[in-house]
């Protein structure tokens, strides 16, 4: 190849390199620089934005996520329908999609959910210790303590407060104590166990009460059965004793 031809070829190559890019020519990213990101549309430009679509506040992506040539540009869709309090957020990281955050519920920095609802339960009623037991099911909270039986709904509203001497047919000469309550999940019923004693004649019993269904014992519409079982040891002697703190157990049959 002659020197003239070589010079002409170099000049043509230089002209092609300096020629401005046309719309048909692809523009390759420059290493170390971010890819161009289209600007947010103007709400006054119905041709691009459209009247029914509200403006979107776009948080720009950091330049470093485009530092590699094989990074794909993020696609911004400016025609999203957003609810009040929402905005488009571009998460940091490579090739991650655009996320929509509801800032009205502080999704960027959410507060801890309120999982605990507090309310005052029954008091010890002058007894010490209180011997408290609680069962929760079927939208109810049932509490027993010493000789009291209380039912709350799940919001803490008291639905029932009964003394055990009133709930069962025993006058106040009998003492109820150490109650237990459980929820039978297999049969959907409530089970209560009470200790009962009268010192004057060494009378001692275990009173077991079982509801017929999920409505707690004593509430309107409830049905229940109770059993009265002797549990005095060495009755009729000076060694007569009244066992304490019996507990409940049940199975699926």
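Residue numbers (our numbering): 1064 to 1316.
No residue lacks a Cβ here, since even glycine has one placed at the ideal position from N, Cα and C.
**OP:** Indicate whether residue 1256 and residue 1311 have their beta-carbon atoms separated by less than 8 Å.
**Re:** In the chain shown, residue 1256 corresponds to position 193, counting from 1. In the chain shown, residue 1311 corresponds to position 248, counting from 1. A contact, by the Cβ cut-off of 8 Å.
Subject >> Limits of the beta strand (DSSP E) - the one that residue 1247 falls within >> reply: Taking the first residue of the chain shown as 1, we reach residue 1247 at position 184. According to the DSSP assignment, residue 1247 belongs to the beta strand (DSSP E) that extends over 1238 to 1247.
Subject >> Identity of the residues DSSP links to residue 1215 by a beta bridge >> reply: Within the chain shown, residue 1215 is the residue found at index 152, counting from 1. Bridge partners of residue 1215: 1204 and 1221.
Original post:
Excluding the five sequence neighbours on either side, which residues of its own chain have a C-beta within less than 6 Å of the C-beta of residue 1267, listed in chain order?
Top reply: To locate residue 1267, count along the chain shown from 1; it is residue 204. These residues qualify, in order along the chain: 1260, 1294, 1295 and 1305.
Subject >> DSSP three-state assignment for residue 1193, whether helix, strand or coil >> reply: Along the chain shown, one-based indexing puts residue 1193 at 130. Of the three classes helix, strand and coil, the one that applies to residue 1193 here is coil, per DSSP.
Original post:
Are residue 1187 and residue 1220 closer than 8 Å when you measure CB to CB?
Top reply: For the purposes of this step, residue 1187 is identified with residue 124 of the chain shown, where counting begins at 1. For the purposes of this step, residue 1220 is identified with residue 157 of the chain shown, where counting begins at 1. Contact: no.
**OP:** Using the Cα positions of residue 1258 and residue 1215, report the straight-line distance between them to the nearest angstrom.
**Re:** Taking the chain shown and counting its residues from 1, one reaches residue 1258 at position 195. Taking the chain shown and counting its residues from 1, one reaches residue 1215 at position 152. The straight-line gap from Cα to Cα measures roughly 23 Å.
Original post:
Would a C-beta distance cut-off of 8 Å place residue 1276 and residue 1252 closer than the cut-off?
Top reply: As a working mapping, residue 1276 is identified with position 213 in the chain shown. As a working mapping, residue 1252 is identified with position 189 in the chain shown. Contact: yes.
**OP:** Report the three-state DSSP secondary structure of residue 1293 (helix, strand or coil).
**Re:** For this step, residue 1293 is matched to residue 230 along the chain shown. Strand at residue 1293.
**OP:** Express the C-alpha separation of residue 1264 and residue 1245 in angstroms, rounding to a whole number.
**Re:** Residue mapping note: residue 1245 aligns to position 182 of the chain shown, counting from 1. Residue mapping note: residue 1264 aligns to position 201 of the chain shown, counting from 1. C-alpha separation (whole angstroms): 31 Å.
Subject >> Simplified DSSP assignment, three categories, for residue 1264 >> reply: Counting from one through the chain shown, the residue named residue 1264 turns up at place 201. Note: residue 1264 maps to helix in three-state DSSP.
Subject >> Residue burial classification, residue 1207 (beta-carbon count within 10 angstroms, cutoff 16) >> reply: Here the question's residue 1207 lines up with position 144 in the chain shown. By the Cβ neighbour-count rule, residue 1207 is buried, with 16 or more other Cβ atoms within 10 Å of its own.
Original post:
Is it true that the CB of residue 1269 sits closer than 8 Å to the CB of residue 1289?
Top reply: Within the chain shown, numbered from 1, the residue matching residue 1289 stands at position 226. Within the chain shown, numbered from 1, the residue matching residue 1269 stands at position 206. The answer is no: Cβ separation not under 8 Å.
**OP:** Identify whether residue 1226 lies in helix, strand or coil by the three-state DSSP scheme.
**Re:** Here residue 1226 refers to the residue found at position 163 when the chain shown is read from its first residue. Looking at residue 1226 - three-state DSSP - the assignment turns out to be strand.
**OP:** List the DSSP bridge partners of residue 1254.
**Re:** Translated into positions along the chain shown, residue 1254 becomes position 191. BP columns for residue 1254 point to 1245 and 1273.
Original post:
So, helix, strand or coil for residue 1259, using DSSP?
Top reply: Working through the chain shown from its first residue, we reach residue 1259 at position 196. Note: residue 1259 maps to strand in three-state DSSP.
Subject >> Close beta carbons around residue 1231, own chain, < 7 Å, minus the five adjacent residues each side >> reply: Working through the chain shown from its first residue, we reach residue 1231 at position 168. Shown here for residue 1231: same chain residues with a beta carbon closer than 7 Å to its own, the five before and five after excluded, namely 1270 and 1289 in chain order.
Original post:
Quick one, which of 1194, 1183, 1316 and 1281 has its alpha-carbon nearest residue 1242's?
Top reply: Stepping through the chain shown from its first residue, residue 1242 is reached at position 179. Residue nearest to residue 1242 within the set 1194, 1183, 1316 and 1281 is 1194 (criterion: CA-CA distance).
Original post:
Quick one: what's got a C-beta closer than 6 Å to residue 1197's C-beta in the same chain, skipping five residues either side?
Top reply: Position 134 of the chain shown, counting from 1, holds the residue named residue 1197. Excluding positions up to five away in sequence, the list reads 1206.
**OP:** Apply the 10 Å Cβ neighbour rule to residue 1159 and answer buried if 16 or more other Cβ atoms are within range, or exposed otherwise.
**Re:** Taking the chain shown and counting its residues from 1, one reaches residue 1159 at position 96. Interpretation of residue 1159 is limited by its pLDDT of 44, a score under 50 that renders its predicted location unreliable; no figure is taken from the coordinates.
**OP:** Sort 1262, 1309 and 1250 by Cα distance to residue 1236 and report the nearest one.
**Re:** Taking the chain shown and counting its residues from 1, one reaches residue 1236 at position 173. Checking every option, the nearest Cα to that of residue 1236 belongs to 1262.
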